[in-house]
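Structure record follows, encoded as structure tokens.
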Amino acid sequence: MMMSFGLREENRALLQRVSDMIRDEIMPLEDEYQAEINKGDRWQYTARQAEILEGLKAQAKAAGLWNFWLTDSSKGFGLTTVEYAYLAEEMGKTPLGAEIFNCSAPDTGNMEVFERYGTKKMKEQWLAPLLDGQIRSAYLMTEPDVASSDATNVAMSCVRDGDDYVLNGEKWWSSGAGDPRCKVYIVMVKTGGDEQPKHKRQSMIVVPADAPGIEILRPMQVYGHDDAPHGHMHIRFTDVRVPAENILLGEGRGFEIAQGRLGPGRIHHCMRAIGQAESALEQMCKRSMQREAFGKKLAQLGANFDIIAECRMEIEMARLLCLKAAWYMDQGDARAAAPWISQIKVVAPRVALKVIDEAVQMFGGQGVSQDTPLATAWTHVRTLRLADGPDAVHRRQVARAELKKHTQEKV
Ligand SMILES: Cc1cc2nc3c(=O)[nH]c(=O)nc-3n(C[C@H](O)[C@H](O)[C@H](O)COP(=O)(O)OP(=O)(O)OC[C@H]3O[C@@H](n4cnc5c(N)ncnc54)[C@H](O)[C@@H]3O)c2cc1C
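Residue numbers (full-length UniProt numbering): 1 to 411.
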């Protein structure tokens, strides 16, 4: 079968325009934007912070650079997942990149869920403002009290009471729920008991972020950083009541929806991580030619030549694997694509972490400081080895597919 990892002619200019906007308009404002976060209440936007963010979003929207992730939809650009992957790589090069083009996690996955499984009312109430970039959303699956890498453990109680469902329990690591613009949650809950088959016990339900009974307990910190104003929140639900029509597809359909939601999101995360690796390699190369020690440029000392070469080769391998996984997704068989997505979900963060770490080393003390984006990039990519499934769970998927291929045995 012929595999194509390229961009169609008509989409090459699009990639260039995104890349130009990131370099010329977004990156020059990053430092000022980050500095604004530390002024006053870190969980609210300062006037200047909002001006930068909304100004850049308006600019992108006016230029038609908006919602690229709607890959197979008539509303979007009709990009393939392979084509979108190139854009995601560019957007990964700067922390603001994805949001400026309305392509950030977890909103893209949530919008996809609303688009595919939402009722007309949900589309009007939530999908329309999300597509427009007016509000943000969060996806709440992980719970403090159960091993959530196995989603059959999800235990938040969701009980039918007349025309409503009533939710009780706790979620944590709810990314984006700290943002004052976050107005809606898609929540994985338990609706079925032991009498139901294992993968029919969980459901997804839509909950407005301001529903009575919702309490944000605290922001979780990543290596000491709270990631404000986005945040990864620990949230308690006490008798939170939502109309029964808020359940997506019906009771017991949570896994079906989760599979559809997480596949593309993982590819996007991986390509953004590759973008971060590219950016780190560029910084490493520039630094190694600017600075001298022992009478030579850093690049010419010790193993630094080899380190630069190894980083380049690993990035290329990771990108090709990511494009192959994206290509499998484009063939429309999620089951066949799954082991490829799992492979890249392990490989991309690993490679990006290695490259960023080598860049940190080349920068010396400054590499771990606030004076380069490298330290933050490292902590961000490190979390990707957990978020959307820890490495071990993805390796399990890869091994199961491999064993089945060679032995026809299901393990
Ligand atoms: C920054 C960040 C953002 C996040 N954002 C979100 C979000 O927006 N929404 C959300 O719902 N969740 C989010 N998460 C949570 C993330 O998805 C979970 O942490 C992850 O799924 C693992 O679940 P757990 O933490 O309960 O770990 P556990 O399930 O307890 O697993 C812990 C460890 O056990 C081992 N393990 C588990 N299964 C296997 C296996 N099959 N084989 C071998 N070893 C295994 C692995 O080493 C694994 O890392 C986020 C996490 C982080 C760090």
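Backbone N, C-alpha and C fix where the C-beta goes; we use that ideal spot for every residue, glycine too. Computed from a prediction, not measured in an experiment: that's the story for all the values here.
- Task: For Val381, collect the residues of the same chain with a Cβ closer than 7 Å to its Cβ; drop the 5 residues on either side in sequence, then sort them by chain order.
- Result: Excluding residues up to 5 positions away in sequence, Ala273, Gln276, Pro349, Ala352, Leu353, Ile356 lie with their Cβ nearer than 7 Å to the Cβ of Val381 in the same chain.
In terms of DSSP beta bridges, what is Asp161 paired with?
-> Asp164
Q: Report yes if the C-beta distance between Pro106 and Ser175 is below 7 Å; otherwise report no.
A: yes
Original post:
At what residues does the alpha helix (DSSP H) containing residue 420 begin and finish?
Top reply: Residue 420 cannot be examined here, being either before or after the span of the chain that is shown, 1 to 411.
(Q) So within the segment 208-244, which uninterrupted beta strand (DSSP E) runs reach at least 3 residues, ignoring any that extend past its ends? (A) Taking only runs of at least 3 residues, the beta strand (DSSP E) segments lying wholly in the segment 208-244 are 214-219, 232-243.
Check your understanding: With 16 other CB atoms within 10 Å as the buried threshold, where does Val113 fall?
Key -> Burial is judged here by how many other beta carbons sit within 10 angstroms of a residue's own beta carbon; Val113 has at least 16 and is buried.
From Gln331 to Met289, what distance separates their C-alpha atoms? 44 Å
| So what does Lys171 bridge to, in DSSP terms? | Looking at the DSSP output, Lys171 shares a beta bridge with Ile235.
Original post:
From Lys183 to Asp24, what distance separates their C-alpha atoms?
Top reply: 31 Å
Worksheet item: How many Å lie between Gly109 and Lys296 at the Cα?
Response: One alpha carbon belongs to Gly109, the other to Lys296, and they sit about 49 Å apart.
My assumption, with CB atoms under 8 Å, is that Leu384 sits in contact with His269. Please give the rounded CB distance. 6 Å
Can you tell me the Cα-Cα spacing of Val242 and Arg160, whole angstroms?
10 Å
- Query: Is it right to say Val347 is buried, meaning 16 or more other beta carbons lie within 10 angstroms of its own, or is it exposed?
  - Reply: buried
Compare the Cα-Cα distances from Val146 to each of Val189, Glu9, Leu127, Gly78 and report the closest residue. Nearest C-alpha to Val146 among Val189, Glu9, Leu127, Gly78: Val189.
* May I ask you to verify whether the segment 208-217 touches the segment 226-245, counting CB pairs closer than 8 Å and requiring at least 3? => yes
Quick one: what's Gln202 bridged to in DSSP?
Lys190
Going by beta-carbon coordinates alone, are Ala177 and Met233 separated by less than 7 Å?
yes
Are the beta-carbon atoms belonging to Lys324 and Ile235 less than 7 Å from one another? no
Under 8 Å by Cβ, that's how I've got Asp179 and Pro144 pegged, so tell me the actual separation to the nearest angstrom.
-> With a Cβ gap of about 21 Å, Asp179 and Pro144 do not count as contacting.
Once you ignore the five residues that flank Lys200 on each side, which residues in its own chain have a CB closer than 7 Å to its CB? Gly192, Gly252
### Query
Considering only residues of the same chain and omitting the five flanking positions on each side of Leu87, which have a CB-CB separation below 7 Å?
Counting only residues of its own chain and dropping the five nearest sequence neighbours on each side, Leu87 has a CB closer than 7 Å to the CB of Leu15, Val18, Phe68.
Distance, Cα to Cα, Ala309 vs Tyr33? Spanning the alpha carbons of Ala309 and Tyr33 requires a straight line of approximately 34 Å.
- Message: Considering only their Cβ atoms, is the gap separating Ile341 from Gly224 smaller than 7 Å?
- Response: no
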